[in-house]
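Engineer:
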Amino acid sequence: EDDEDSHDEL
Amino acid sequence: MNIFRLAGDMSHLFSILLLLLKIHTIKSCAGVSLKTQELYALVFATRYLDIFTGYISLYNTLMKMFFLWSSFTIVWYMRYHNVVRRSYDKDQDTFRHYFLILPCFILALLVHEKFTFLEVLWTFSLYLEAVAILPQLVLLQRTRNVDNLTGHYVFFLGAYRSFYILNWIYRYFTEQNYYKWITWISGLVQTALYADFFYYYVKSWRNSERLQLPA
Numbered sequence: 001e002d003d004e005d006s007h008d009e010l
Numbered sequence: 011m012n013i014f015r016l017a018g019d020m021s022h023l024f025s026i027l028l029l030l031l032k033i034h035t036i037k038s039c040a041g042v043s044l045k046t047q048e049l050y051a052l053v054f055a056t057r058y059l060d061i062f063t064g065y066i067s068l069y070n071t072l073m074k075m076f077f078l079w080s081s082f083t084i085v086w087y088m089r090y091h092n093v094v095r096r097s098y099d100k101d102q103d104t105f106r107h108y109f110l111i112l113p114c115f116i117l118a119l120l121v122h123e124k125f126t127f128l129e130v131l132w133t134f135s136l137y138l139e140a141v142a143i144l145p146q147l148v149l150l151q152r153t154r155n156v157d158n159l160t161g162h163y164v165f166f167l168g169a170y171r172s173f174y175i176l177n178w179i180y181r182y183f184t185e186q187n188y189y190k191w192i193t194w195i196s197g198l199v200q201t202a203l204y205a206d207f208f209y210y211y212v213k214s215w216r217n218s219e220r221l222q223l224p225a
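The listed protein sequences derive, respectively, from chains A and B.
With the first letter of the first sequence counted as 1, position 1 gets the number 1 in the working numbering; the numbers rise by one all the way through.
With the first letter of the second sequence counted as 1, position 131 gets the number 141 in the working numbering; the numbers rise by one all the way through.
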């Protein structure tokens with residue numbers, strides 16, 4: 001989970 | 011996604027659309043720093059490599075594609091378009107932007123969350139974005155008389171950064187384990203760089219006069 005949404009911003 | 015993040019993204023999108031509008035319709039890039047635009051193209055090219063490796067949402071992917079396409083399009087216009095390139099203030103736009111790239115890369119090699127190829131490039135893009143506006147601010151300071159579209163462009167870029175800070179504050183209080191020191195610090199540095207410009211922008215807007223920066 002940490003990996004997946006660590007870069008959810010642009 | 012919260013309202014601050016959306017407002018930030020929309021300001022960012024709008025700032026780029028303004029710039030494209032200026033370049034495409036007026037066929038002029040006067041007052042626009044090619045150095046800054048090249049840095050942004052590099053920022054997006056190194057940050058959005060994850061477009062191929064991960065999927066977050068359709069919104070996310072479309073925005074990334076737009077930022078990539080638009081940044082390279084603007085650089086292409088300013089370098090190669092027959093008419094547009096003639097309006098480029100080459101002699102004024104002398105900031106040594108290459109000197110920003112290497113320190114940012116070294117910093118990304120030293121300070122990052124994970125030592126992987128994509129992660130180091132992502133971190134590099136954050137550091138580089140923080141300082142990428144510098145050539146543009148220097149150019150504005152030099153030319154002093156800022157045309158409306160260029161002024162609005164820089165204003166909306168700054169607004170994008172300000173909304174992102176509100177977004178981080180909101181997420182910090184509403185999500186568990188939301189800490190992003192590297193993103194926050196480089197974002198704060200970036201926003202701080204706009205402070206001086208903001209001051210003169212708001213002042214000229216309140217007096218409804220043309221934006222003029224002090225020498």
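For glycine and all other residues, C-beta sits at the position ideal for the given N, C-alpha and C.
As the structure is a prediction and not an experimental result, all values here were calculated from the model.
Among the residues of its own chain, which have a CB less than 8 Å from the CB of residue 94(B), if the five just before and after it don't count?
Structural biologist: Hits under 8 Å: 33, 37, 38, 39, 87, 88.
Engineer: Quick one: does residue 3(B) have its CB under 8 Å from some CB of chain A?
Structural biologist: Nothing can be reported for residue 3(B): it is not among the residues displayed for chain B, which extend from 11 to 225.
Engineer: Tell me which residue opens and which closes the alpha helix (DSSP H) that residue 51(B) is part of.
Structural biologist: Where residue 51(B) is concerned, the enclosing alpha helix (DSSP H) stretches over 44-57.
Engineer: Comparing the C-beta of residue 61(B) with each C-beta of chain A, is any distance below 8 Å?
Structural biologist: No, residue 61(B) lies away from the interface with chain A (no Cβ there is under 8 Å from its Cβ).
Engineer: Compare the C-beta of residue 132(B) against all C-beta atoms of chain A and say whether one is closer than 8 Å.
Structural biologist: Yes, contact with chain A.
Engineer: Flag this pair as touching only if the segment 165-180 of chain B and the segment 16-32 of chain B have three or more C-beta atom pairs under 8 Å; answer yes or no.
Structural biologist: A contact exists between the segment 165-180 of chain B and the segment 16-32 of chain B.
Engineer: Flag residue 12(B) as yes if its beta-carbon sits less than 8 Å from any beta-carbon of chain E, otherwise no.
Structural biologist: This model lacks chain E altogether; the protein chains it does include are A and B.
Engineer: Quick check: the segment 95-109 of chain B against the segment 44-56 of chain B, are there 3 or more CB pairs under 8 Å?
Structural biologist: With the cut-off at 8 Å, the segment 95-109 of chain B and the segment 44-56 of chain B touch.
Engineer: Starting from the beta carbon of residue 37(B), find every residue of chain A whose beta carbon is closer than 9 Å, and list them in chain order.
Structural biologist: Ordered by position in chain A, no residue passes the 9 Å Cβ test against residue 37(B), which lies about 29 Å from the chain.
Engineer: Starting from residue 15(B), find everything on chain A with Cβ-Cβ shorter than 8 Å and list it in chain order.
Structural biologist: Simply 9.
Engineer: According to DSSP, what are the bridge partners of residue 222(B)?
Structural biologist: DSSP output for residue 222(B) lists 155(B) as bridge partner(s).
Engineer: Would you mind sorting residue 207(B) into buried or exposed? The rule is 16 or more other CB atoms within 10 Å of its CB.
Structural biologist: Per the 10 Å Cβ criterion, buried.
Engineer: Quick check on residue 132(B): buried or exposed, where buried means 16 or more other Cβ atoms within 10 Å of its Cβ?
Structural biologist: That one is buried.
Engineer: Is residue 188(B) helix, strand or coil by DSSP?
Structural biologist: Note: residue 188(B) maps to coil in three-state DSSP.
Engineer: Once the 5 residues before and after residue 140(B) are set aside, which same chain residues still bring their CB inside 6 Å of it?
Structural biologist: The residues are 196, 199, 200.
Engineer: Can you name, in chain order, every residue of its own chain whose Cβ lies under 6 Å from the Cβ of residue 3(A), other than the five neighbours on each side?
Structural biologist: Legend: pLDDT at residue 3(A) = 46, less than 50; position of this residue unreliable, value from coordinates given subsequently. Contacts found: none.
Engineer: Let me check understanding here. Comparing Cα to Cα, which of 16(B), 57(B), 11(B), 225(B) lies closest to residue 150(B)?
Structural biologist: The shortest C-alpha separation from residue 150(B) is found at 225(B).
Engineer: My output table needs one value for residue 216(B): the three-state DSSP class, helix, strand or coil.
Structural biologist: Residue state, collapsed to three classes: helix.
Engineer: Let me know if residue 205(B) comes out buried or exposed under the rule of 16 or more other beta-carbons within 10 Å of its beta-carbon.
Structural biologist: Residue 205(B) comes out exposed.
Engineer: By the DSSP assignment, the alpha helix (DSSP H) with residue 114(B) in it spans what residues?
Structural biologist: First-last of the alpha helix (DSSP H) with residue 114(B): 108-120.
Engineer: To the nearest angstrom, report how far apart residue 97(B) and residue 142(B) are at their CA atoms.
Structural biologist: In a straight line, the C-alpha of residue 97(B) is about 21 Å away from that of residue 142(B).
Engineer: Using a cut-off of 8 Å between C-beta atoms, extract the partners of residue 70(B) located in chain A.
Structural biologist: Result: 8, 10.
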